[in-house]
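2 protein chains.
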Amino acid sequence: MERNTRQREVIKQVFESEARPLNPLEILDLAKVSLSRVSVATVYRAIKELIEEKWLTPVKISGQPLYYERDRHHHHHHFYCESCCKVFEVEGCIPVKKLTPKGFSLESHDILLSGRCPACLKQ
Amino acid sequence: MERNTRQREVIKQVFESEARPLNPLEILDLAKVSLSRVSVATVYRAIKELIEEKWLTPVKISGQPLYYERDRHHHHHHFYCESCCKVFEVEGCIPVKKLTPKGFSLESHDILLSGRCPACLKQ
DNA sequence: ATAGATGCAAAGGGTTTGCACTTGA
DNA sequence: TCAAGTGCAAACCCTTTGCATCTAT
Chain A
1136 MERNTRQREV IKQVFESEAR PLNPLEILDL AKVSLSRVSV ATVYRAIKEL
1186 IEEKWLTPVK ISGQPLYYER DRHHHHHHFY CESCCKVFEV EGCIPVKKLT
1236 PKGFSLESHD ILLSGRCPAC LKQ
Chain B
1136 MERNTRQREV IKQVFESEAR PLNPLEILDL AKVSLSRVSV ATVYRAIKEL
1186 IEEKWLTPVK ISGQPLYYER DRHHHHHHFY CESCCKVFEV EGCIPVKKLT
1236 PKGFSLESHD ILLSGRCPAC LKQ
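In the order they appear, the protein sequences are chains A and B.
The opening residue of the first sequence carries number 1136 in my numbering; numbering runs sequentially from there.
The opening residue of the second sequence carries number 1136 in my numbering; numbering runs sequentially from there.
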């Protein structure tokens, strides 16, 4: 990312204003609000470069496309709303080490909570 | 699944003998050992029907294709080997409820441990 | 001016589907 | 026999890539 183009500016704005993990299609749709012409390719290319810059980091949600969020270098987990498919950050963690089976070497872990988000519960 | 075809017999055998979650490609490759002609389509169709019969259940591993395992109706989690990409069952669980943010309704959770399996550690 | 970034469309992977052929009961 | 099941190839969906064009510097 060596140039500040309107497209990348808008893609970054989208992350700042949504403040939650987004998948490529969500990014594209949100970017289109401010930008008449954006292509998927640009979104994917911007994601790739923003990850290299450590501005974004991928969020793996079981059974879903990859989501991306601001890379704030802190350990946390996620909540996936089964109703609107939005992903939210979850603070805190719990020790999972004791679950590791004998003979296996644990390097990392992910905890994904699923259910309904406040907005969907209100409906 | 109204008929017992050689293909489906072999696909079920593969799950019994491997005793771990498998993805469609793994199933196909393992089935080809016993069967000269098997197509991906058959594997996918068999998976779909075995899920309806509750003989299989999907295992969602973030950022990976769907895996499937015998549906034994018991709560457990998984270990993903970053080296060989094999998935293993992990017994036990830990309470995650307290992580749920205020206003959200928790319906389920997944814990994925990642690292190296015994076979890969030996190499 | 010019290398980097974009849009479009084509190409890749993994999964699904249509259709004529095969096969289990 | 004959409908269910299969293989093959085409179709899909999501992601990546090639290339001519555009644009930030």
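Where a beta carbon is used, it is the ideal one built from N, C-alpha and C, also for glycine.
Using three-state DSSP, classify residue i as helix, strand or coil.
{"i": "isoleucine 1196 of chain B", "result": "coil"}
{"i": "aspartate 1206 of chain A", "result": "coil"}
{"i": "proline 1169 of chain A", "result": "Residue 1169 of chain A is actually serine in this sequence, not proline. In this structure, serine 1169 of chain A counts as helix in the three-state DSSP scheme."}
{"i": "glutamate 1187 of chain B", "result": "helix"}
{"i": "glutamate 1226 of chain B", "result": "coil"}
{"i": "leucine 1234 of chain A", "result": "helix"}
{"i": "leucine 1160 of chain B", "result": "helix"}
{"i": "leucine 1201 of chain B", "result": "coil"}
{"i": "arginine 1180 of chain B", "result": "helix"}
{"i": "cysteine 1255 of chain A", "result": "helix"}
Give me the chain B residues within the contact set of residue i, using Cβ-Cβ distance strictly less than 9 Å, ordered along the chain.
{"i": "glutamate 1217 of chain A", "result": "Glu1242 and Ser1243"}
{"i": "phenylalanine 1214 of chain A", "result": "Leu1234, Thr1235, Pro1236, Phe1239 and Leu1241"}
Residue i touches chain B at which residues, Cβ-Cβ below 8 Å?
{"i": "valine 1225 of chain A", "result": "Leu1234, Thr1235 and Pro1236"}
{"i": "histidine 1209 of chain A", "result": "None at all; the shortest Cβ gap to chain B is about 15 Å."}
Specify, as a first and last residue, the run of the alpha helix (DSSP H) that residue i falls within.
{"i": "phenylalanine 1150 of chain A", "result": "1141-1153"}
Beta-carbon within less than 6 Å of residue i's beta-carbon, same chain only, minus the 5 sequence neighbours each way: which residues are those?
{"i": "phenylalanine 1214 of chain B", "result": "Phe1223, Val1225 and Leu1248"}
{"i": "glutamate 1217 of chain B", "result": "Ser1249"}
{"i": "arginine 1143 of chain B", "result": "Ala1181"}
{"i": "threonine 1177 of chain B", "result": "Gln1142"}
Output the boundary residues of the beta strand (DSSP E) element that contains residue i.
{"i": "cysteine 1216 of chain A", "result": "1212-1216"}
{"i": "leucine 1247 of chain B", "result": "1240-1251"}
Is the beta carbon of residue j closer than 8 Å to that of residue i?
{"i": "leucine 1160 of chain A", "j": "valine 1149 of chain A", "result": "no"}
{"i": "glycine 1198 of chain B", "j": "lysine 1195 of chain A", "result": "yes"}
{"i": "lysine 1232 of chain A", "j": "leucine 1241 of chain A", "result": "yes"}
{"i": "valine 1145 of chain B", "j": "serine 1174 of chain B", "result": "no"}
{"i": "leucine 1157 of chain A", "j": "tyrosine 1203 of chain A", "result": "yes"}
{"i": "proline 1193 of chain B", "j": "leucine 1185 of chain B", "result": "no"}
Residue i versus chain A: which residues are under 8 Å apart at the beta carbon?
{"i": "arginine 1251 of chain B", "result": "Phe1239, Ser1240 and Glu1242"}
Quick one: list the residues of chain B neighbouring residue i, beta-carbon separation under 7 Å, in chain order.
{"i": "lysine 1195 of chain A", "result": "Ser1197 and Gly1198"}
{"i": "leucine 1201 of chain A", "result": "Gly1198"}
{"i": "leucine 1247 of chain A", "result": "His1244 and Asp1245"}
{"i": "valine 1231 of chain A", "result": "Ile1229, Ile1246 and Leu1248"}
Within its chain, find whatever has a CB closer than 8 Å to the CB of residue i; leave out the 5 residues flanking it on each side and keep chain order.
{"i": "cysteine 1255 of chain B", "result": "Cys1216, Ser1218 and Cys1219"}
{"i": "cysteine 1228 of chain B", "result": "His1210, His1211, His1212 and Ile1246"}
{"i": "tryptophan 1190 of chain B", "result": "Lys1147, Arg1205 and Asp1206"}
{"i": "lysine 1167 of chain B", "result": "Val1173"}
In chain A, which residues lie less than 9 Å from residue i when you measure between Cβ atoms?
{"i": "leucine 1185 of chain B", "result": "Neighbours of leucine 1185 of chain B on chain A: none; closest Cβ ~18 Å, over 9 Å."}
{"i": "leucine 1256 of chain B", "result": "Gly1238, Phe1239 and Ser1240"}
Whose C-beta lies closer than 7 Å to the C-beta of residue i among residues of the same chain, with five residues either side of it excluded?
{"i": "lysine 1221 of chain B", "result": "Arg1155 and Cys1252"}
{"i": "tyrosine 1179 of chain B", "result": "Pro1159"}
{"i": "threonine 1235 of chain B", "result": "Leu1241"}
At a threshold of 7 Å, does residue i count as lining the ligand ZN (C-beta to nearest heavy atom)?
{"i": "histidine 1211 of chain A", "result": "The ligand ZN is not part of this structure, which contains no ligands at all."}
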